[in-house]
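J.: There's a structure below that I have some questions on.
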Amino acid sequence: MNGWSDYLAIGAALQKAWPDVDVVGLDNGDLAGKLRSLPETDGFGPVPEKASFFFAVKAAWLKARQPTEADLPMDALL
Amino acid sequence: MAESKTIFWSPRGGNNAADAWGSCHVFSSETTDEQTGVKHRDTIIVDLGQEERLYNYMGGQYDMMVPVVTDCVAVPGHDRPAEQDKAKAIFLTHGHSDHIFGIYAYTEMGAELPPVYGTPFTMTMLRKGFIERGVPEEKWPEMREIHAGETVRIGDLSVRSMQASHSIPGALSFKISNGTESVFHSGDTKGDETSFLEGGVDFDDYKKIVEEAPIDFMSFDALAVTKAGHATYESEVADAYKTIFEENEGKPVVAVLPAAHLERLASVIAAAQEKGRNVVLNGGSLMDSNLLGLEMAGVNLQEKFPKTTVVGALNEKAAELDPEKTVVITTGIYAEQSSPFVRFLKGDEKAFDLRSDAVIVAPLTDDKNEQLQVLIDGSERARNCKRVTAKDFPKMYGGGHAQKEDFDRINALLQPKMIAPIHLPTPLADKFNAYAAKQGLSVFDRQVRNGDTVTVTPSGCTLFAGEKQEWIGMKHEKGADGKQKLVETAVFQDEHFARSDKIERVRRNKVAYYENKAQSLPLPLRHRAKSAGRS
Chain L
-14 MNGWSDYLAI GAALQKAWPD VDVVGLDNGD LAGKLRSLPE TDGFGPVPEK
36 ASFFFAVKAA WLKARQPTEA DLPMDALL
Chain G
66 MAESKTIFWS PRGGNNAADA WGSCHVFSSE TTDEQTGVKH RDTIIVDLGQ
116 EERLYNYMGG QYDMMVPVVT DCVAVPGHDR PAEQDKAKAI FLTHGHSDHI
166 FGIYAYTEMG AELPPVYGTP FTMTMLRKGF IERGVPEEKW PEMREIHAGE
216 TVRIGDLSVR SMQASHSIPG ALSFKISNGT ESVFHSGDTK GDETSFLEGG
266 VDFDDYKKIV EEAPIDFMSF DALAVTKAGH ATYESEVADA YKTIFEENEG
316 KPVVAVLPAA HLERLASVIA AAQEKGRNVV LNGGSLMDSN LLGLEMAGVN
366 LQEKFPKTTV VGALNEKAAE LDPEKTVVIT TGIYAEQSSP FVRFLKGDEK
416 AFDLRSDAVI VAPLTDDKNE QLQVLIDGSE RARNCKRVTA KDFPKMYGGG
466 HAQKEDFDRI NALLQPKMIA PIHLPTPLAD KFNAYAAKQG LSVFDRQVRN
516 GDTVTVTPSG CTLFAGEKQE WIGMKHEKGA DGKQKLVETA VFQDEHFARS
566 DKIERVRRNK VAYYENKAQS LPLPLRHRAK SAGRS
């Protein structure tokens, strides 16, 4: 993992550690706690506080839950 | 100083022969000093989407296909456009993949993209896509948020945003003007004033922009205009669900929706709030991903609907809610594998909690619903549940595109001098043009196809036939690090035009509709166009 901007790796690690968490409803403070407790983030320094960082981590976490990209049918775009 | 001005519009995708995908439109304003003959051009792109039916292209051998815009965007490996031809901005009408995924494609190809403008929700969805693809932030194009009612000036062009109504929030229409002429570009819209998320289309705003300056030309989402009546309004959807909740009081209700259809989701929550039901969101990661985008764009569903409880299924509060006074919103309307409800129907008992007295609301009627119904029939625990479909409540479901009545209403308000349909295949464009001509409206005698150019001047609109539009096909392969890598790109001509009667409803990988013509890339469209007559 290459620091706090390696969102996909962080998301995958979070999913592995907490597969049944309500990601959308998760408070940023709780998310920061989870990030600090991940062994993979040892040595990364303080968790960034920006809302955009937490959004990126949550998006990557949900991405780690998605089975395939092709699952969204075209009709859903209409 | 005497000068003449012209607006150029060139659709590059979306006006296909056989489908409506890959929306992309290039608008330019050209000002000519009549004494010196010196020309000045300002160009913008509206939407940069991907083709969704990849099996129409080269037998499906490419995993991404986007319209060529290399005549106005510099891309390594392609002829560099002249400075004055380069697009200065990309405006996004909304966040669907057939309107924005080309941004990822061009970023991946190393293009020098200009700033991208869109609503907070659209920009959030765009950012989310970059994150999901693992693209480092320093490679993202500059993103600038805009809102309905705002005007952005790009050289001689002014781009005024108006609220549109589609299946997701943050949809915009644009009035594009050069001080002399004005074009109304609808984006995807259905003309619904009743969105529970954003309030829907503001027709008073339409009146205002017409008072400011008349509409000389309108490129309009006509995908569904040949359907009678009006598109289902979200208020009608909510009314249908209110009735369902009333008729099934005291029973758990499961509402199955498309993962991305956030407007529809809000309509169901609005109905639940009015009928005293709580809401549990259990649509799996795809729905959650969209909900996260909504949250980041500043829309919190609990704050929006304060009189009911709205929680995710994994939230501990969900277990405390009375199931008989709750609607569980889930996904699976198209039998998507990632849906918890579908996983349950396929035997994963832990994926979803379904009581035998639950009412399953599955709002489709035709073959689209068949797969889900088969799955329900095959599930021992679901097959005896009461089912409600759009056969019982036709207004429970509807698309996000204007139908006849919607178009008539918008057209009457905007009174454009000339209209061209967009976001539709040739047969539907022909039907639309016939309908519009019958109403006495000014239309061209054929579809304005990808690669064509329309000029808008004080003396009228002219259609110039372009060369066939080209598309870039992209092939990715998984690298040693497990990440997808771009391994091949190729340029293809759009062969849809000549074969439109043959390529409706083809099956995957059966036929290659695109041939590798190894064409050189297009020159700036104005230099290659030849006149196809004046309307």
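Quick note, the sequences are listed as chains L and G, same order. Position 68 of the first sequence, counted from 1, bears residue number 53 in our numbering, the numbering being contiguous throughout. With the second sequence counted from 1, adding 65 to any position gets you our numbering. Ideal Cβ placement from N, Cα and C applies to all residues, glycine included. Computed from a predicted structure; not experimentally measured.
#1: From Leu222 (chain G) to Ser94 (chain G), what distance separates their C-alpha atoms?
#2: Does the Cβ-Cβ distance between Pro388 (chain G) and Pro317 (chain G) come in under 8 Å?
#3: Please go through the segment 269 to 332 of chain G and give each complete alpha helix (DSSP H) segment of 4 or more residues, from N-terminal end onward.
#4: So what does DSSP say about Thr522 (chain G), is it helix, strand or coil?
#5: Thinking just about the alpha-carbon of each residue, which of G:Tyr399, G:Met190, G:Val392 and G:Ala170 is nearest to the one in Arg420 (chain G)?
#6: Flag this pair as touching only if the segment 132 to 145 of chain G and the segment 210 to 218 of chain G have three or more C-beta atom pairs under 8 Å; answer yes or no.
#7: List, in chain order, every chain L residue whose beta-carbon is nearer than 8 Å to that of Val376 (chain G).
#8: Going straight from the alpha carbon of Arg21 (chain L) to that of Val6 (chain L), what length do you get?
#9: Only counting the same chain, and skipping five residues up and downstream in sequence, which positions put a Cβ closer than 6 Å to that of Gln504 (chain G)?
#10: Trp46 (chain L) lies in the alpha helix (DSSP H); which residues open and close that run?
#11: Tell me where the beta strand (DSSP E) around Gln549 (chain G) begins and ends.
#12: What does the Cβ neighbour count give for Gln512 (chain G), buried or exposed, with the cut at 16 atoms within 10 Å?
#13: Can the beta-carbon of Thr291 (chain G) be found less than 8 Å from the beta-carbon of Tyr462 (chain G)?
#14: Could you give the uninterrupted runs of the alpha helix (DSSP H) lying entirely in the segment 422 to 459 of chain G, keeping only those of 4 residues or more?
#15: Among L:Leu63, L:Arg50 and L:Phe38, whose alpha-carbon lies nearest the alpha-carbon of Trp(-11) (chain L)?
#16: Straight-line CA distance for Gly183 (chain G) to Arg448 (chain G)?
#17: Please report the distance separating the alpha-carbon of Val344 (chain G) from that of Asp304 (chain G).
#18: If Met208 (chain G) and Val248 (chain G) are in contact, beta carbons under 8 Å, what's the gap, nearest whole angstrom?
#19: Hey, quick one: how far does the alpha helix (DSSP H) through Tyr182 (chain G) stretch, first residue to last?
#20: Is it true that the segment 328 to 343 of chain G meets the segment 164 to 177 of chain G, where meeting means three or more beta-carbon pairs spaced less than 8 Å apart?
#21: Which word fits Asp27 (chain L), buried or exposed, when buried means at least 16 other C-beta atoms lie within 10 angstroms of its C-beta?
#22: In chain order, what residues of the same chain lie with their CB nearer than 8 Å to the CB of His541 (chain G), ignoring the 5 residues before and after it?
#23: Can you name the start and end residues of the beta strand (DSSP E) that Ala152 (chain G) belongs to?
#24: Just reading off the beta strand (DSSP E) that Ser223 (chain G) is part of, what are its end residues?
#25: With distances taken between CB atoms, is the gap from Val8 (chain L) to Leu47 (chain L) smaller than 8 Å?
#26: What runs of the beta strand (DSSP E), each 3 residues or longer, lie entirely inside the segment 105 to 177 of chain G?
#27: What does the Cβ neighbour count give for Asp68 (chain L), buried or exposed, with the cut at 16 atoms within 10 Å?
#28: At a CB-CB cut-off below 7 Å, which residues of chain L make contact with Ile168 (chain G)?
#29: Confirm, please, whether the CB-CB distance from Ala278 (chain G) to His466 (chain G) is below 8 Å.
#30: Please report the residue range of the beta strand (DSSP E) in which Ile475 (chain G) lies.
#31: Are the beta-carbon atoms belonging to Gly358 (chain G) and Thr395 (chain G) less than 8 Å from one another?
#32: Hey, could you find the ends of the beta strand (DSSP E) Met539 (chain G) is sitting in?
#33: Kindly say whether Phe38 (chain L), judged by its beta-carbon, lies nearer than 8 Å to any beta-carbon of chain G.
#34: Near Val407 (chain G), which residues of its chain fall below 7 Å by C-beta distance, leaving aside the five closest residues on each side in sequence?
#35: Give me the DSSP bridge partner(s) of Arg218 (chain G).
#36: Using a C-beta cutoff of 8 Å, does Leu379 (chain G) count as contacting chain L?
T.: Result, derived from the coordinates:
#1: Using only the alpha carbons, I get a separation of about 6 Å.
#2: For Pro388 (chain G) and Pro317 (chain G), yes; Cβs fall inside 8 Å.
#3: Listed in chain order, the complete alpha helix (DSSP H) runs (minimum 4 residues) inside the segment 269 to 332 of chain G are 299 to 312.
#4: Strand at Thr522 (chain G).
#5: Of G:Tyr399, G:Met190, G:Val392 and G:Ala170, the residue nearest in Cα terms is G:Val392.
#6: Here the segment 132 to 145 of chain G does not lie against the segment 210 to 218 of chain G, with fewer than 3 beta-carbon pairs under 8 Å apart.
#7: By Cβ distance, chain L contributes Asp7 and Gly10.
#8: So the two alpha carbons sit approximately 16 Å from each other.
#9: Excluding sequence neighbours, Gln504 (chain G) sits near nothing in its chain.
#10: Counting along the chain, the alpha helix (DSSP H) containing Trp46 (chain L) begins and ends at Ala36 to Arg50.
#11: Looking at the DSSP string, the run of the beta strand (DSSP E) that includes Gln549 (chain G) is Gln549 to Gln558.
#12: By the Cβ neighbour-count rule, Gln512 (chain G) is buried, with 16 or more other Cβ atoms within 10 Å of its own.
#13: In this structure, Tyr462 (chain G) does not lie closer than 8 Å to Thr291 (chain G) by Cβ.
#14: At a cut-off of 4 residues, the continuous stretches assigned as alpha helix (DSSP H) that sit fully inside the segment 422 to 459 of chain G are 435 to 443.
#15: Restricting attention to L:Leu63, L:Arg50 and L:Phe38, the CA atom closest to the CA of Trp(-11) (chain L) is found in L:Phe38.
#16: The alpha-carbon of Gly183 (chain G) is positioned some 44 Å away from that of Arg448 (chain G).
#17: Rounded to the nearest angstrom, the two C-alpha atoms are 17 Å apart.
#18: Contact between Met208 (chain G) and Val248 (chain G) does not hold, since their C-beta atoms are separated by about 24 Å, which reaches or exceeds 8 Å.
#19: Per DSSP, Tyr182 (chain G) belongs to no alpha helix (DSSP H); it is in the beta strand (DSSP E), Val181 to Gly183.
#20: Output reads no: the segment 164 to 177 of chain G does not touch the segment 328 to 343 of chain G.
#21: The residue is exposed, with fewer than 16 neighbouring Cβ atoms inside 10 Å.
#22: Same-chain partners within the cutoff: Asp128, Met129, Gln549, Lys550, Leu551 and Val552.
#23: Ala152 (chain G) -> beta strand (DSSP E) spans Ala152 to Phe156.
#24: Here the beta strand (DSSP E) through Ser223 (chain G) covers Leu222 to Gln228.
#25: Taking 8 Å as the Cβ cut-off, Val8 (chain L) and Leu47 (chain L) qualify as a contacting pair.
#26: Look at the segment 105 to 177 of chain G and you find these whole runs of beta strand (DSSP E), each 3 residues long or longer: 129 to 132 and 152 to 156.
#27: With chain L covering only -14 through 63, there is no way to say anything about residue 68 (chain L).
#28: Going along chain L, no residue has its Cβ under 7 Å from Ile168 (chain G), so there is no contact; the nearest lies around 16 Å.
#29: No.
#30: First-last for Ile475 (chain G): Lys469 to Leu479, but that is the alpha helix (DSSP H), not the beta strand (DSSP E).
#31: Gly358 (chain G) is not a Cβ neighbour of Thr395 (chain G), given a cutoff of 8 Å.
#32: Here the beta strand (DSSP E) through Met539 (chain G) covers Glu535 to Lys543.
#33: No, no contact with chain G.
#34: Gly397, Ala400, Glu401 and Leu440, listed in sequence order.
#35: The partner list for Arg218 (chain G) (beta bridge, DSSP) reads G:Ser223.
#36: The beta-carbon of Leu379 (chain G) is placed less than 8 Å from the nearest beta-carbon of chain L.
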